[in-house]
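Trainee: Numbering (the numbering used here), first residue to last: 429 to 520.
Below you'll find the structure I mean.
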């Protein structure tokens, strides 16, 4: 005996959505044993900026809280020394 929905058809039970398995993000600084984030290396710091020059959040970069603060501080220092732009149209 099938149940009917509002349209008069059979009720179809939804399958659970396919959940994508994502790799666990690890802090690249802890993995490589880096203790100091150099503000004089703009090529390395560009990995933590988006195309407009904004600092990427931790959930995207995968860095730990401790190193995200160090990266943000290094980027701000590099910006004040004109090694990195504050705002840009296309950085990468």
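Where a beta carbon is used, it is the ideal one built from N, C-alpha and C, also for glycine.
Just the Cα atoms here: how many angstroms apart are residue 493 and residue 459?
Mentor: For this step, residue 493 is matched to residue 65 along the chain shown. For this step, residue 459 is matched to residue 31 along the chain shown. Taking the straight line from one Cα to the other gives about 14 Å.
Trainee: Compute the beta-carbon to beta-carbon distance between residue 502 and residue 467, rounded to the nearest angstrom, for a pair I have assumed lies under 8 Å.
Mentor: Residue mapping note: residue 502 aligns to position 74 of the chain shown, counting from 1. Residue mapping note: residue 467 aligns to position 39 of the chain shown, counting from 1. That belief holds up - the Cβ atoms of residue 502 and residue 467 are roughly 4 Å apart, short of 8 Å.
Trainee: Ignore the nearest five residues each way along the sequence and tell me which others in residue 496's own chain have a CB closer than 6 Å to its CB.
Mentor: On the chain shown, position 68 is the one that residue 496 refers to. Answer for residue 496: 486, listed in chain order.
Trainee: Please report the Cβ distance between residue 461 and residue 514, rounded to the nearest whole angstrom; I am assuming they are in contact, meaning their Cβ atoms lie under 8 Å.
Mentor: Within the chain shown, residue 461 is the residue found at index 33, counting from 1. Within the chain shown, residue 514 is the residue found at index 86, counting from 1. Contact flag wrong, Cβ pair sits at about 31 Å.
Trainee: Are the CB atoms of residue 500 and residue 470 within a distance shorter than 8 Å?
Mentor: Stepping through the chain shown from its first residue, residue 470 is reached at position 42. Stepping through the chain shown from its first residue, residue 500 is reached at position 72. No, they are not a contact pair.
Trainee: Give the range of the alpha helix (DSSP H) segment to which residue 470 is assigned.
Mentor: As a working mapping, residue 470 is identified with position 42 in the chain shown. Segment 470-473, the alpha helix (DSSP H) holding residue 470.
Trainee: Would you say residue 484 and residue 472 are within 8 Å of each other, going by their C-beta atoms?
Mentor: Against the chain shown, residue 484 aligns to sequence position 56. Against the chain shown, residue 472 aligns to sequence position 44. Not in contact: residue 484 and residue 472 (Cβ atoms no closer than 8 Å).
Trainee: Between residue 516 and the rest of its own chain, which residues show a CB-CB distance below 6 Å, the 5 nearest in sequence each way excluded?
Mentor: Sequence index remark: in the chain shown, residue 516 carries index 88 (1-based). Around residue 516: 481.
Trainee: Do you know how far the Cα of residue 488 is from the Cα of residue 479?
Mentor: In the chain shown, counting from the first residue as 1, residue 479 sits at position 51. In the chain shown, counting from the first residue as 1, residue 488 sits at position 60. Going from the Cα of residue 479 to the Cα of residue 488 covers about 14 Å.
Trainee: In the DSSP assignment, what are the bridge partners of residue 477?
Mentor: Against the chain shown, residue 477 aligns to sequence position 49. DSSP lists 483 as partners of residue 477.
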